[in-house]
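S.K.: Under numbering that gives the first Met the number 0, residue 184 is the last one in the sequence shown; the count climbs by one each step, no gaps.
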Amino acid sequence: MKKENDLRKYYLEKRLRLNSEEIENKSSKIAKKLLSIDTIISNKHFSIYLPVKNEVITQTIIDHLDRWGKVLVVPCFFKKDKEYKFAKFNKTDVLIKGPYDIPQPKFGKIVNPDTIEIAILPGLAFSKNGVRLGYGKGVFDKLLAISKALKVGLAYDFQVIDKLPKEKHDLKMDIIITESKVYRF
0 MKKENDLRKY
10 YLEKRLRLNS
20 EEIENKSSKI
30 AKKLLSIDTI
40 ISNKHFSIYL
50 PVKNEVITQT
60 IIDHLDRWGK
70 VLVVPCFFKK
80 DKEYKFAKFN
90 KTDVLIKGPY
100 DIPQPKFGKI
110 VNPDTIEIAI
120 LPGLAFSKNG
130 VRLGYGKGVF
140 DKLLAISKAL
150 KVGLAYDFQV
160 IDKLPKEKHD
170 LKMDIIITES
180 KVYRF
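(1) Counting only the same chain and skipping the five closest in sequence on each side, list residues whose C-beta sits under 7 angstroms from that of GLU178.
(2) Find out if the Cβ-Cβ distance for the pair PRO74, ASP92 is shorter than 8 angstroms.
(3) According to DSSP, which residues form a beta bridge with GLY152?
(4) Report the residue from ALA144, GLU116 and ILE60 whose alpha carbon sits nearest the alpha carbon of LYS43.
(5) Can you list, in chain order, the residues of its chain with a C-beta nearer than 6 angstroms to that of LEU17? Leave out the 5 residues immediately preceding and following it.
(6) Looking only at its own chain, which residues have a Cβ that is under 6 angstroms from the Cβ of TYR182, when we skip the five neighbours before and after it?
(7) Between which residues of its own chain and LEU170 is the CB-CB distance below 7 angstroms, once the five residues before and five after are set aside?
So, in structure tokens, the structure goes:
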């Protein structure tokens, strides 16, 4: 099995080769699948990500959840605390670039991660048994370490592979959604 950093590089490069039409098409299919799963949309409090580097686009999901009156939070870096926390998010928020160029609300209000029922996450790759490979910074692993939220990974088909190395602190997904399949664990 390849080392984690080799896997990160490989899957990031592969994702960066997608063109905008492919990203929009695949993201639309993924959003439709997610928005049709009752065990997900019946909840009230969601964490979601704002995509970078050709991650699955979440705008359609955000629009629907907002229209349905759901509470949304996103990871937000707080300089005074020197760490990521979840912050309330409205689609009308002014966004700034945080660390790693990740968009975040300019005036984020901290939210307790225990309130999150559904955590929607990106990844560089996922295994068919729910292991997630992120960028290696541990942002989501730390934010959701003690959360009981249902963890939902969004990925393109090529990002789901048979096996990935897993470390003790790595989050395990409950669901992974691609443009052609929903994996449940």
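The beta carbon of each residue, even a glycine, is placed where N, CA and C say it ideally should be. As the structure is a prediction and not an experimental result, all values here were calculated from the model.
M.R.: So, from the listed chains and residues:
(1) Walking along the sequence shown from the start, residue 178 turns up at place 179. Taking GLU178 as the centre and dropping the five residues before and after it, the same chain places the C-beta of LYS25, LYS28, ILE29, TYR155 and ASP156 closer than 7 angstroms to its C-beta, in chain order.
(2) One-based indexing of the sequence shown puts residue 74 at position 75. One-based indexing of the sequence shown puts residue 92 at position 93. Result no, Cβ atoms of PRO74 and ASP92 do not sit closer than 8 angstroms.
(3) Against the sequence shown, residue 152 aligns to sequence position 153. Residue pairing by DSSP places GLY152 opposite LEU120 and ILE175 in a beta bridge.
(4) As a first step, residue 43 is located in the sequence shown; it is residue number 44 there, counting from the start. Comparing Cα positions, the closest option is GLU116.
(5) Residue numbering aside, residue 17 sits at position 18 when the sequence shown is read from its first letter. Result list for LEU17: ASN53, in chain order.
(6) Counted from its first residue, the sequence shown places residue 182 at position 183. Answer for TYR182: ILE175, listed in chain order.
(7) For the purposes of this step, residue 170 is identified with residue 171 of the sequence shown, where counting begins at 1. In chain order, ARG131, PHE139, ASP140, LEU143 and LYS150 place their CB closer than 7 angstroms to the CB of LEU170, counting only its own chain and leaving out the 5 sequence neighbours on each side.
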